[in-house]
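Per the UniProt record's numbering: the sequence shown = residues 1 to 291. Each residue gets a CB set at the ideal place from its N, CA and C atoms; glycine is no exception.
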Amino acid sequence: MGEGREFQAGGRPASAGRETALLAFPFQRGMRFRVDVFQETRGYILEVYGVHFELPDLGPIGANGLANPRDFLVPVAWYEDRQAPGGYTVLNKYQGRLFAAKQASSPFNVVAWHGNYTPYKYDLDLFMVINSVAFDHADPSIFTVLTAKSLRPGVAVADFVIFPPRWGVADHTFRPPYYHRNCMSEFMGLIHGSYEAKEEGFLPGGCSLHSAMTPHGPDSDCFDRATEARLEPERVADGTMAFMFESSLNMAVTRWGLTAGSGLDASYSKCWESLRSHFTPDARDAAAPRK
1 MGEGREFQAG GRPASAGRET ALLAFPFQRG MRFRVDVFQE TRGYILEVYG
51 VHFELPDLGP IGANGLANPR DFLVPVAWYE DRQAPGGYTV LNKYQGRLFA
101 AKQASSPFNV VAWHGNYTPY KYDLDLFMVI NSVAFDHADP SIFTVLTAKS
151 LRPGVAVADF VIFPPRWGVA DHTFRPPYYH RNCMSEFMGL IHGSYEAKEE
201 GFLPGGCSLH SAMTPHGPDS DCFDRATEAR LEPERVADGT MAFMFESSLN
251 MAVTRWGLTA GSGLDASYSK CWESLRSHFT PDARDAAAPR K
């Protein structure tokens, strides 16, 4: 969140001037880059090892949908042939450690290259949303922008998923994200606005982590509103952009993340305390689709 501009070896942004919040910038391994910021700026970074992000397989969706290849932008060819009086500091990461080196000439000196191994960016507002238009929920994988596949078919090392503005029209359905637990770790973040399943206490720049097999779902306020609302077509998540880094691997929070500052919400689980059971085993299944 904020305003900035990025440069990479081989090129600079396809659009001149300042960039705003709703952009994804995947940087490829080995690419040198620099990010200039013009005001207080925050963001989220996901690093994967051994594989690269790619577009998800669309399956029955077919040729068009989700993040379309045409909307990904690559840098305009550009280079620097100059030296700076103070030199340049180049930071590299190897085996989990950061190293610094000084050099006199600009690291942005790639004049030309072969192939398509290049940084790129994507405007999240261009995501073409797929959703249920009858009843029930589709799997949240329909919101996948990019995926880093594992060696097991259908299992990702990491997925980059967004929850953009869209229409909600499902009939006989609890429309918010349903209560669940699964085999994936879910790291949620919020770029701006408020998250549809937890409108209070989850702020832009914040995050939550639900580890694999940990039950979670909408807070009690969201549950009450959704169960009492008339099921008419409605706009969902207007003015917001939440996202998720989902992984088949376990994630751990660092000691610094747990103790630094005052941002930890120690009462996070209280948002579910007022939920109560509505299970009536002898009742008809009112949520079943009409025949």
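In the structure shown, SER247 adopts extended strand secondary structure according to DSSP, grouped into three states. In terms of Cβ geometry, GLY59 and ILE130 do not form a close pair [threshold 8 Å].
Per DSSP, GLU228 lies in no beta strand (DSSP E) segment; the continuous alpha helix (DSSP H) that holds it begins and ends at 220-228. Nearest neighbour of ASP123 by Cα position, chosen from LEU91, ARG70, ALA101, turns out to be ARG70. Annotation for LEU209: the continuous beta strand (DSSP E) segment containing it runs 207-210. The residues GLY193, in chain order, have a CB closer than 6 Å to that of GLY239 in the same chain once the five nearest residues on each side in sequence are set aside. When secondary structure is reduced to three states using DSSP, ARG70 falls in the helix class. Fewer than three beta-carbon pairs drawn from the segment 173-191 and the segment 78-93 are found closer than 8 Å, and the two stretches are therefore not classed as touching. Distance from the Cα of ALA197 is smallest, within the candidate group PRO26, THR254, HIS278, PRO177, for PRO177.
Within the same chain, SER185 come within 6 Å of SER211 by CB-CB distance, once the 5 residues on both sides are set aside. Between ASP219 and LEU275, the alpha-carbon positions lie close to 8 Å from each other. Where TRP167 is concerned, the enclosing beta strand (DSSP E) starts and stops at 166-168.
For THR259, the enclosing alpha helix (DSSP H) covers residues 255-259. Relative to CYS222, the option among CYS271, ARG230, MET213, MET244 whose CA is nearest is CYS271. Contact between the segment 146-155 and the segment 45-57 is present, with at least three C-beta pairs closer than 8 Å. When the five nearest sequence neighbours on each side are left out, the beta carbons in the same chain lying within less than 6 Å of the beta carbon of SER106 are those of GLU80, ARG82, in order along the chain. A residue is called buried once 16 or more other Cβ atoms fall within 10 Å of its Cβ, and LYS121 is buried on that count.
Distance check between PHE163 and each of PRO140, ALA134, THR227, LYS102 places PRO140 closest, using alpha-carbon atoms only. Beta-bridge annotation (DSSP): GLN103 is paired with TYR88. Under DSSP, PHE202 takes part in no beta bridge, so it has no partner. Cβ-Cβ separation between ALA158 and PHE245: approximately 6 Å, consistent with a contact (criterion under 8 Å).
Residue environment: GLY168 is assigned as buried (16 or more neighbouring CB atoms within 10 Å of its CB, all protein chains considered).
In summary, HIS216 is buried, with 16 or more beta-carbon neighbours lying within 10 Å of its beta-carbon over all protein chains present. Taking a C-beta distance under 8 Å as the contact criterion, ALA237 and PRO165 qualify as a contact pair.
Every beta strand (DSSP E) of 3 residues or more that sits fully in the segment 111-181 is shown, in chain order, as 121-123, 144-149, 156-163, 166-168. Take TRP256, set aside five residues on each side of it, and no residue of its chain has a beta-carbon closer than 7 Å to its own.
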